[in-house]
Amino acid sequence: MRTRQSSQNPSQPLSNRIGAFSTTTLSEAYVADSQEAPDLDPALSSGAMNINPRKLEKVPWDHSGRHPGSRPFWAILLWVVDIAWSIIFRRSQIDPTPETKGGAVFASIHINGLVDPLAIVKSQRKPFVSIGRHDIMTMPVIGWMTRRMGSQPVIRRAELKGGVSDPEFATKINQRSMLTMANCIASGHPAVVMPEGKSHQDSKLHALRTGTLRFTLNAASIANSRGLPTPVIQPVGLHYRCHHWFRTEAYIEFGEPINIPLMDDPLHNSKLVDGEWTEPPAEQVIPLRDELYEKLSKITPNAPDWETYRAWHLLGHLSAIKGGSRPSSYKQEVLAAREIRDSNPPNHLLERAIEAADILHSMDLDATALDENAEVDRRKSFARGLVGALLMLVTAPIVVISSGLQTLAGWYQGDNSDEGIDARTTHHMIGGVFSPLLFWPVASLAFTLLFTLSNPLIEFAFAFTSILVANFIFLRGYDWWVDFRTSLRRAKLAHSASGKRLEELIDEIESSLVVLK
Numbered sequence: 012m013r014t015r016q017s018s019q020n021p022s023q024p025l026s027n028r029i030g031a032f033s034t035t036t037l038s039e040a041y042v043a044d045s046q047e048a049p050d051l052d053p054a055l056s057s058g059a060m061n062i063n064p065r066k067l068e069k070v071p072w073d074h075s076g077r078h079p080g081s082r083p084f085w086a087i088l089l090w091v092v093d094i095a096w097s098i099i100f101r102r103s104q105i106d107p108t109p110e111t112k113g114g115a116v117f118a119s120i121h122i123n124g125l126v127d128p129l130a131i132v133k134s135q136r137k138p139f140v141s142i143g144r145h146d147i148m149t150m151p152v153i154g155w156m157t158r159r160m161g162s163q164p165v166i167r168r169a170e171l172k173g174g175v176s177d178p179e180f181a182t183k184i185n186q187r188s189m190l191t192m193a194n195c196i197a198s199g200h201p202a203v204v205m206p207e208g209k210s211h212q213d214s215k216l217h218a219l220r221t222g223t224l225r226f227t228l229n230a231a232s233i234a235n236s237r238g239l240p241t242p243v244i245q246p247v248g249l250h251y252r253c254h255h256w257f258r259t260e261a262y263i264e265f266g267e268p269i270n271i272p273l274m275d276d277p278l279h280n281s282k283l284v285d286g287e288w289t290e291p292p293a294e295q296v297i298p299l300r301d302e303l304y305e306k307l308s309k310i311t312p313n314a315p316d317w318e319t320y321r322a323w324h325l326l327g328h329l330s331a332i333k334g335g336s337r338p339s340s341y342k343q344e345v346l347a348a349r350e351i352r353d354s355n356p357p358n359h360l361l362e363r364a365i366e367a368a369d370i371l372h373s374m375d376l377d378a379t380a381l382d383e384n385a386e387v388d389r390r391k392s393f394a395r396g397l398v399g400a401l402l403m404l405v406t407a408p409i410v411v412i413s414s415g416l417q418t419l420a421g422w423y424q425g426d427n428s429d430e431g432i433d434a435r436t437t438h439h440m441i442g443g444v445f446s447p448l449l450f451w452p453v454a455s456l457a458f459t460l461l462f463t464l465s466n467p468l469i470e471f472a473f474a475f476t477s478i479l480v481a482n483f484i485f486l487r488g489y490d491w492w493v494d495f496r497t498s499l500r501r502a503k504l505a506h507s508a509s510g511k512r513l514e515e516l517i518d519e520i521e522s523s524l525v526v527l528k
């Protein structure tokens, strides 16, 4: 058994516990990063290549500032989002949102498909306006929902290049959507946007599109012309332990709001108020875009690759263990990894941490597999696995009837989508949303019709509640079964050659951690 020194003061920042860190300022790094941000068009899926002009024309919009969605539908949707969120994620933490008087444009990195906007909606629990890919508004099932949510379609640059639409029609739809967004935001409605304009799988922001900043600037102009509070841009940090895993962990944080500058152009402002889309000047769009990129980067992984990001998490764990206060939540892990990132660890330390983190990742493990002595936890969770299996077995009949079809469809579509792994959890989300919205009510109604005794309404409510409870008991059993399987992988690693190499690497890393007096 290796001994670990823990005489460090845990109140000291992690950067003080890592030796030989660079003092390069972060602002310089962010300027360099923004210049190197990938500016790639998204790979177009089969859905994005099929446009339905007739349905796009009929998408609800409103230039008066009223929300174009259905308020009754949003009331139901917010309840459904709570259930879907609890299905998709095992644990989550959401920080309080900074208070603002006017509308807010919530902007985040986009690495997790439709789960990203779901996370922002979950964090606020109020009707949002949003803008997104044109086919999301017209597809058979999802389109029915997004139109009632008031989502606005956009035909992207890549789709125009691919010949999906003629430029005149695209301009008409895009300007209509952006003017709807601007008016709603000016009137105080929150908006959710993904300013990269695409979902991707990189560990840092891609170049930001200007569309978000253009309708945001116009929203501020409209609000000012109407004597309303000026909206802000609210950067959102979305963090997932492994974003494409089912039942992973999430942490949602909020950066400092960005004030939107006002344009001193009465003619521009009056045209917007009269319902005519007018482009804001580039000299105001570009600086606002750059400011958003810088502030949003700080609350993203902002790593050159996922291997490096996992290494930062490992270093954060090891430094915290040495300090006697290892992270107790995923939020603490994210913040510890950020301190490591911002401290710019020396190459020799980072290289060893990357190799160690890769060994853990090869077994679908991470730094949480280490015990309080920074050794691989060898304990096997037999009792947890047994209880988990029993819970799943007992509730399986109800779960299979109520959730079997959508679960199977979500699993298959998630693993076989032509949009890649970033769409995997989108299909999980679809199953999670449509379970309480459609499948569970249908199953409850069938139960009521078959076994009606006295009061159909009470029996329907009982059936629905039973389905809800059974599904969550099943998921808890699934979590415990996964814990058991994880413990077996930990034990296997601990007794392998890779495990021995991991111990060597941790010893080498530990020698670089400075013990504070």
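Using the numbering used here, you'd call the opening residue of the sequence shown number 12 and step up by one each time. We put the CB at the ideal spot given by N, CA and C, even for glycine.
Check	Outcome
Inter-residue CB distance, THR459 and ALA474 (contact presumed, cutoff 8 Å)	6 Å
Span of the alpha helix (DSSP H), counted from its first residue to its last, around VAL387	Premise fails: VAL387 is in no alpha helix (DSSP H) and is neither H nor E.
Through-space distance from TRP323 to SER33, alpha-carbon basis	Residue confidence for SER33 is low, a pLDDT of 36 falling below 50, so the modelled location carries little weight; the figure read from the coordinates is stated next. Looking at the two C-alpha atoms, the distance is approximately 15 Å.
Counted within 10 angstroms of its Cβ, other Cβ atoms place THR393 as buried (16 or more) or exposed	The identity of residue 393 in the sequence shown is Phe, whereas the question assumes Thr. With fewer than 16 Cβ atoms within 10 Å of its Cβ, PHE393 is classed as exposed.
Outcome for TRP96 when other beta-carbon atoms lying within 10 angstroms are tallied against a minimum of 16	buried
Same chain, Cβ closer than 6 Å to ASP518, five either side skipped, listed in chain order	none
Helix, strand or coil at GLY327 according to DSSP, with G and I counted as helix	helix
GLN212 to TRP422 span [Cα, whole Å]	19 Å
Secondary structure of ARG237, DSSP reduced to three states	coil
Presumed contact (8 Å Cβ cut-off) between ILE142 and VAL204, rounded CB distance	6 Å
Inter-residue spacing [alpha-carbon to alpha-carbon] between ARG390 and THR319	28 Å
Length at least 3, wholly inside the stretch 253 to 286: the beta strand (DSSP E) runs in chain order	259 to 265
Boundaries (first-last residue) of the beta strand (DSSP E) holding VAL165	163 to 165
Beta-carbon gap between THR406 and PHE495 smaller than 8 Å	no
Cβ pair VAL247, PHE265 closer than 8 Å	yes
Exposure of GLU344, with buried meaning 16 or more beta-carbon neighbours within 10 Å	buried
CB contact flag (HIS250, TYR262, <8 Å)	yes
Cutoff 7 Å; reference LEU516; Cβ partners in own chain excluding five residues on either side	ARG363, GLU366 and ALA367
Length of the line joining the Cα atoms of SER522 and SER413	54 Å
Host beta strand (DSSP E) of GLY248 (start-end)	243 to 251
8 Å contact criterion, which GLY161 and PRO71 should meet: CB distance rounded	6 Å
Counted within 10 angstroms of its Cβ, other Cβ atoms place LEU402 as buried (16 or more) or exposed	buried
Identity of the residue in THR223, MET274 and GLN245 nearest ASN542 by Cα	Residue 542 is absent from the model: the chain starts at 12 and stops at 528.
Proximity below 8 Å, CB of GLU514 to CB of GLU383	no
Selected residue, minimal CA-CA separation from LEU504, among ALA380, LEU278 and HIS438	ALA380
Contact belief for PRO447 with ILE196 at Cβ below 8 Å, rounded distance in angstroms	Not really, about 30 Å apart at Cβ, beyond 8 Å.
Limits of the unbroken beta strand (DSSP E) element including ALA118	115 to 119
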